[in-house]
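Heads up, the thing below is written out as structure tokens.
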Amino acid sequence: MARDKAREDYIAPIRRLLVGMIVLALIALFVVWRIDSPRVERLRAQAIDTFVPSFEWAMAPITGAANLVSDFQSYQQLRAQNGDLRRELQQMKAWREAALQLEQENAKLRDLNNVSLDPQLTFITGVVITDSGSPFRQSVLVNVGARDGIVDGWPAMDGIGLVGRIAGVGRETSRVLLLTDTSSRIPVIIQPSGQRAILAGDNTIAPPIEFLENTALVRPGDRVVSSGDGGVFPADLLVGQVVLGTDERLRVRLAADYERLEFLRVLRAQPNELIGDPNGLVGPEGEFFGPAVPNGLNPASLTSNEVGDG
Amino acid sequence: MAERVDSRTWTMRAVYIALAFVLIVVQLVPLDMRPAGWAGPDLLLAVTLVWIARRPVVVTAPMVAGVFLMADLFFMRPPGLWAALVVILTEMIRRRNSEFRNLPFVAEWGTIAGGIIMMTLLNLIILTLLAVPRASLGLTLMEMMMTILVYPPIVLLAYFFFGIGRPAPGETGRKGQLL
Chain D
189 MARDKAREDY
199 IAPIRRLLVG
209 MIVLALIALF
219 VVWRIDSPRV
229 ERLRAQAIDT
239 FVPSFEWAMA
249 PITGAANLVS
259 DFQSYQQLRA
269 QNGDLRRELQ
279 QMKAWREAAL
289 QLEQENAKLR
299 DLNNVSLDPQ
309 LTFITGVVIT
319 DSGSPFRQSV
329 LVNVGARDGI
339 VDGWPAMDGI
349 GLVGRIAGVG
359 RETSRVLLLT
369 DTSSRIPVII
379 QPSGQRAILA
389 GDNTIAPPIE
399 FLENTALVRP
409 GDRVVSSGDG
419 GVFPADLLVG
429 QVVLGTDERL
439 RVRLAADYER
449 LEFLRVLRAQ
459 PNELIGDPNG
469 LVGPEGEFFG
479 PAVPNGLNPA
489 SLTSNEVGDG
Chain W
691 MAERVDSRTW
701 TMRAVYIALA
711 FVLIVVQLVP
721 LDMRPAGWAG
731 PDLLLAVTLV
741 WIARRPVVVT
751 APMVAGVFLM
761 ADLFFMRPPG
771 LWAALVVILT
781 EMIRRRNSEF
791 RNLPFVAEWG
801 TIAGGIIMMT
811 LLNLIILTLL
821 AVPRASLGLT
831 LMEMMMTILV
841 YPPIVLLAYF
851 FFGIGRPAPG
861 ETGRKGQLL
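If you read the protein sequences in the order shown, they are chains D and W. The first sequence begins at 189 in our numbering and counts up by one. The second sequence begins at 691 in our numbering and counts up by one.
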């Protein structure tokens, strides 16, 4: 006796209907995502926010095992590391002296200018919880979210340089899109030539520079910092150094340490004020001191066109 | 005789869900944030296909849809597209399940390989047509080849660790039903 034929006749069409409905629901979700992406992305952020923090207990053994393996490997190289560290320490001491002198000079110059540092750039520190999970997307999840005041678009740095920007905020977690992701575009300035360009990620560790006007003025080793173009990103955040890639393209070696991303600083960068009402800029209406004017004509309410033509 | 689902099936379902959970979590652990130049196999897909080809009663369509929709949401893929394609593929494999028992393993592997290639190509075409930003062609094809190549090792592992093998002719489950 093979299968119960009578039962199959009842169950099979219902099953096919169920599977068809599931497939249609999934395709509908994809179409909705394509049409109205922010709404579905918010749903995705909420789903991740609900589930992922509870996975941390499951990730602990894997992280522990990985740490064990890397510790064992570094134990083998302890002696060589020791020598390297001593040399690096000497270099760091020299740099510290230079930094102290520069700090004093900076303080004196600022005194001269009476310039105050931008108070908008305070930061929130967060811990990296998860990776993006696939080799095609470069993003990480940090454990600070809307309840800590995180807003979409804020830049994220590690101790040294720019790491990415916030793209997606949940209640307790938020997603940082790394500079190496294919959809990451940052406006940058290359010093000392002062040229503006775009840093476009392309899934490699050294993202290329695009829209550079004069490549002859740029050479490998130049410093790359974020320009404040468009007001979407604060200016003067260190991004990295220019290098010449093997494909003869100018790329940027990022200053941030992507191998050991544990703690991120999310900078509170307020967006530029939006100017919606131009009248308020020109001056307040009403107060006008001058000779008597004819009835019904208030010079303060004249537009600049009429005043200019008179 | 009428029941196809017994207590062993529910145990194996729990095992499948746990395995899917472990596979997703392992990929999420933040070990090294540098972008890799190569793509590994899609283990979740390979495991699901092994389970479907051998014991289709264990993995139901809603379970597959749920697991792959969660994976889509966590791994930042366009939600729903890959899950829908996987559900369609698993349904087609499920229908061929009884034929696979009589054919040599290579035929089963070849059918699965053809299914994976079709699914990857459909995914590529739909994403390109709708102008959705997607990964590079080389990485996607590398992942597809690795998934096809990793299928036989997963079959062996499933047999030795979880006892998931082709049902022998006349093999019965706990309630006496034919598998």
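We put the CB at the ideal spot given by N, CA and C, even for glycine.
Among the options, the one whose alpha carbon lies nearest that of residue i
| i | options | result |
| --- | --- | --- |
| D:Glu-436 | D:Tyr-263, D:Ile-250, D:Arg-407, D:Phe-239 | D:Arg-407 |
| D:Arg-439 | D:Ala-385, D:Ile-202, D:Leu-309 | D:Ala-385 |
| W:Pro-857 | W:Pro-843, W:Leu-846, W:Phe-790 | W:Phe-790 |
| W:Gly-770 | D:Glu-447, D:Ala-404, D:Ser-225, D:Glu-293 | D:Ser-225 |
| D:Ile-397 | D:Val-339, D:Leu-277, D:Ala-295, D:Gly-433 | D:Gly-433 |
| W:Leu-831 | W:Val-845, W:Tyr-849, W:Phe-851, W:Met-808 | W:Met-808 |
| W:Ile-838 | W:Leu-709, W:Thr-701, W:Ile-806 | W:Ile-806 |
| W:Ala-736 | W:Gly-727, W:Trp-700, W:Leu-847 | W:Leu-847 |
| D:Asp-499 | W:Met-753, W:Leu-827, W:Leu-817, W:Ala-708 | This structure leaves residue 499 of chain D out entirely; chain D is present only between 189 and 498. |
| W:Ala-708 | W:Phe-852, W:Leu-869, W:Thr-862 | W:Phe-852 |
| D:Ile-354 | D:Ile-338, D:Tyr-263, D:Glu-244 | D:Ile-338 |
| D:Gln-379 | D:Arg-359, D:Gly-271, D:Leu-405, D:Gly-358 | D:Leu-405 |
| D:Ser-327 | D:Glu-244, D:Ser-372, D:Arg-298, D:Phe-260 | D:Ser-372 |
| D:Ile-374 | D:Leu-297, D:Asp-410, D:Ile-202, D:Leu-426 | D:Leu-426 |
| D:Asp-346 | D:Ile-210, D:Lys-281, D:Glu-447 | D:Glu-447 |
| W:Leu-817 | D:Glu-293, D:Glu-244, D:Trp-221 | D:Trp-221 |
Integer Cβ distance of residue i from residue j, believed to fall under 8 Å
| i | j | result |
| --- | --- | --- |
| D:Asp-454 | D:Val-430 | What sits at residue 454 of chain D in the sequence shown is Val, not Asp. Not quite, the Cβ-Cβ distance comes to about 26 Å (not below 8 Å), so this is no contact. |
| D:Ile-236 | D:Leu-329 | 7 Å |
| W:Pro-725 | D:Thr-392 | 6 Å |
| D:Thr-313 | D:Phe-451 | 6 Å |
| D:Ala-444 | D:Ile-348 | 6 Å |
| W:Leu-812 | W:Leu-775 | 6 Å |
| D:Gly-321 | W:Phe-765 | 4 Å |
| D:Gly-356 | D:Leu-366 | Going by Cβ atoms, the distance from D:Gly-356 to D:Leu-366 rounds to 13 Å, so no, they are not a contact pair. |
| D:Ala-388 | D:Phe-421 | In fact, because the Cβ distance is near 14 Å, the residues do not count as touching under 8 Å. |
| D:Gly-333 | D:Ser-362 | 5 Å |
| W:Met-836 | W:Thr-810 | About 11 Å separates the two Cβ atoms, so there is no contact after all. |
| W:Ala-881 | D:Leu-214 | What is shown of chain W runs 691 to 869, which leaves residue 881 of chain W out entirely. |
| W:Val-747 | W:Val-705 | About 14 Å separates the two Cβ atoms, so there is no contact after all. |
| W:Ala-751 | D:Leu-206 | 7 Å |
| D:Val-251 | W:Val-719 | Position check: residue 251 of chain D holds Thr in this sequence, whereas Val was assumed. Yes, they are in contact, since the Cβ atoms of D:Thr-251 and W:Val-719 sit about 6 Å apart, within 8 Å. |
| D:Leu-449 | D:Val-316 | 5 Å |
| D:Glu-360 | D:Asn-331 | 7 Å |
| W:Arg-703 | W:Gly-863 | So it is not a contact: roughly 14 Å between Cβ atoms. |
Exposure of residue i, with buried meaning 16 or more beta-carbon neighbours within 10 Å
| i | result |
| --- | --- |
| W:Ala-872 | Because chain W in this structure spans residues 691 to 869, residue 872 of chain W falls outside the shown range and cannot be described. |
| D:Ile-199 | exposed |
| D:Glu-494 | Residue confidence is low: D:Glu-494 scores 46 on pLDDT, short of 50, so the model does not pin down where it sits. Its coordinate-derived value is still stated next. That one is exposed. |
| D:Phe-324 | buried |
| W:Phe-850 | exposed |
| D:Pro-343 | buried |
| D:Tyr-263 | exposed |
| D:Thr-318 | buried |
| W:Pro-794 | exposed |
| D:Gly-419 | exposed |
| W:Arg-767 | buried |
| D:Gly-358 | buried |
| D:Val-257 | exposed |
| D:Gly-428 | buried |
| D:Ser-242 | exposed |
| D:Met-209 | exposed |
| W:Ala-729 | buried |
| W:Pro-731 | buried |
| D:Arg-232 | buried |
| D:Ser-492 | Residue placement at D:Ser-492 cannot be trusted, given a pLDDT of 47 that sits under 50; the coordinates are not used to answer. |
Any non-hydrogen atom of the ligand SAM within 6 Å of residue i CB
| i | result |
| --- | --- |
| W:Val-716 | Absence of the ligand SAM from the depicted structure is noted, as is the absence of any ligand whatsoever, leaving it without description. |
Using a Cβ-Cβ cutoff of 9 Å, what residues of the segment 238-254 of chain D are near chain W? List them in chain order. Phe-239, Val-240, Phe-243, Ala-246, Met-247, Ile-250, Thr-251, Ala-254
Inter-stretch contact (C-beta, 8 Å, three-pair minimum) for the segment 753-761 of chain W and the segment 794-802 of chain W: no
Note down, in chain order, all residues in the segment 726-739 of chain W with a beta-carbon under 8 Å from any beta-carbon belonging to chain D. Ala-726, Gly-727, Trp-728, Ala-729, Gly-730
Can you list, in chain order, the residues of the segment 705-725 of chain W whose Cβ is nearer than 8 Å to any Cβ on chain D? Phe-711, Val-712, Ile-714, Val-715, Val-716, Gln-717, Leu-718, Val-719, Pro-720, Leu-721, Asp-722, Met-723, Arg-724, Pro-725
Three CB pairs or more closer than 8 Å across the segment 778-788 of chain W and the segment 733-744 of chain W: yes
In the segment 422-451 of chain D, which residues sit with their C-beta less than 7 Å from some C-beta in chain W, listed in chain order? Tyr-446, Glu-447, Leu-449
Count the C-beta pairs between the segment 704-719 of chain W and the segment 812-830 of chain W that are closer than 8 Å, then say yes if the count reaches three, no if not. no
Taking a Cβ distance cut-off of 7 Å, strictly less, list which residues of the segment 761-791 of chain W are near chain D, in chain order. Leu-763, Phe-764, Phe-765, Met-766, Pro-768, Pro-769, Gly-770, Leu-771, Ala-773, Ala-774, Val-777, Ile-778, Glu-781
Give the residues from the segment 742-757 of chain W that approach chain D closer than 7 Å (Cβ to any Cβ), ordered along the chain. Ala-751, Pro-752, Ala-755
Listed in chain order, which residues of the segment 813-827 of chain W have Cβ atoms closer than 8 Å to some Cβ of chain D? Leu-820, Val-822, Pro-823, Arg-824, Ala-825, Ser-826
When Cβ atoms are compared, which residues of the segment 315-344 of chain D fall closer than 9 Å to chain W? Val-316, Ile-317, Thr-318, Asp-319, Ser-320, Gly-321, Ser-322, Pro-323, Phe-324, Arg-325, Gln-326, Ser-327, Val-328, Leu-329
What residues in the segment 836-858 of chain W bring their beta carbon closer than 8 Å to a beta carbon of chain D? none
Name the residues in the segment 207-234 of chain D whose C-beta lies less than 7 Å from a C-beta of chain W; which are they? Val-207, Ile-210, Val-211, Leu-214, Ile-215, Leu-217, Phe-218, Trp-221, Arg-222, Val-228, Arg-232
Identify each residue in the segment 339-373 of chain D for which the Cβ-Cβ distance to at least one residue of chain W is less than 7 Å, and report them in chain order. Leu-366, Thr-368, Thr-370, Ser-371
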